[in-house]
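Worksheet: one structure, shown below.
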């Protein structure tokens, strides 16, 4: 059963440190999404890519967040420097075509102290 | 822009009782509609989807939802819940295929023995 893989599952870091989260989309899926989940805001779209090109990253704080797809099998979300308010669960999802639902990974739970 | 309102943040229900989780959406264009379920410390799993056709949609685990265009609603129902249905449920809309999902804030279903 194909699935989206995210690493690490948990990350605890100190304020100011760099954090990199990785996502392996389902093989053949051409669209990758990054979402952030918090108690206060729920699920928010941070950015998404199609065929490795960024289509929308308006949900990301540009000064500290960056998202890339070095190749079709890897998407990364980087925070530098991290802040306590970045503490959240970050989800990656992938999709492949019109009328296809998104498939989600199990998330990276980030805690910034 | 699309938006989703889940009217109940928490729904407690006794085991084997019926349940309805309410979802209303707002959109100036036709949308696709989804319900996802999130179990603790896991990602989101698709329950069911409405793309077109019959307004009554059946999903996994005995859930179903009815699309009502005039009321812009997509309520989720199950005739008899189990303890294992305890989870967070998210309603979501998608403007067109393979574009970002816009989520509601979620409804926490607690099934009581």
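Protein chains in written order, with this note's numbering: chain F, 1 to 113; chain E, 1001 to 1113.
We treat Cβ as the ideally placed atom computed from N, Cα and C, and that holds for glycine.
Three-state class that DSSP yields for residue i in the structure shown
i: residue 1073 of chain E; result: strand
i: residue 1084 of chain E; result: helix
i: residue 36 of chain F; result: strand
i: residue 26 of chain F; result: coil
i: residue 1062 of chain E; result: helix
i: residue 84 of chain F; result: helix
i: residue 1008 of chain E; result: coil
i: residue 1039 of chain E; result: coil
i: residue 11 of chain F; result: strand
i: residue 1001 of chain E; result: coil
i: residue 109 of chain F; result: strand
i: residue 102 of chain F; result: coil
Inter-residue spacing [alpha-carbon to alpha-carbon] between residue i and residue j
i: residue 1004 of chain E; j: residue 1075 of chain E; result: 12 Å
i: residue 54 of chain F; j: residue 1046 of chain E; result: 25 Å
i: residue 73 of chain F; j: residue 65 of chain F; result: 20 Å
i: residue 1002 of chain E; j: residue 1093 of chain E; result: 7 Å
i: residue 17 of chain F; j: residue 110 of chain F; result: 12 Å
i: residue 1056 of chain E; j: residue 1040 of chain E; result: 28 Å
i: residue 1034 of chain E; j: residue 1059 of chain E; result: 10 Å
Among the options, nearest to residue i - alpha-carbon criterion
i: residue 84 of chain F; options: F:73, F:76, F:12; result: F:12
i: residue 1065 of chain E; options: E:1026, E:1001, E:1112, E:1091; result: E:1091
i: residue 1108 of chain E; options: E:1014, E:1053, E:1087; result: E:1087
i: residue 1009 of chain E; options: F:61, F:39, F:93, F:48; result: F:39
i: residue 62 of chain F; options: F:42, F:17, F:47, F:14; result: F:47
i: residue 71 of chain F; options: F:102, F:29, F:18, F:80; result: F:29
i: residue 104 of chain F; options: F:112, F:111, F:95; result: F:95
i: residue 97 of chain F; options: F:37, F:51, F:10, F:21; result: F:51
i: residue 1053 of chain E; options: E:1068, E:1083, E:1025, E:1021; result: E:1068
i: residue 1020 of chain E; options: E:1029, E:1085, E:1043; result: E:1085
i: residue 15 of chain F; options: F:93, F:100, F:87; result: F:87
Bounding residues of the beta strand (DSSP E) (the contiguous stretch that carries residue i)
i: residue 1024 of chain E; result: 1024-1026
i: residue 1108 of chain E; result: 1107-1112
i: residue 72 of chain F; result: Note, residue 72 of chain F: premise wrong, no beta strand (DSSP E); not H, not E.
Per DSSP, cross-strand counterpart(s) of residue i
i: residue 95 of chain F; result: F:31
i: residue 50 of chain F; result: F:31, F:53
i: residue 66 of chain F; result: F:78
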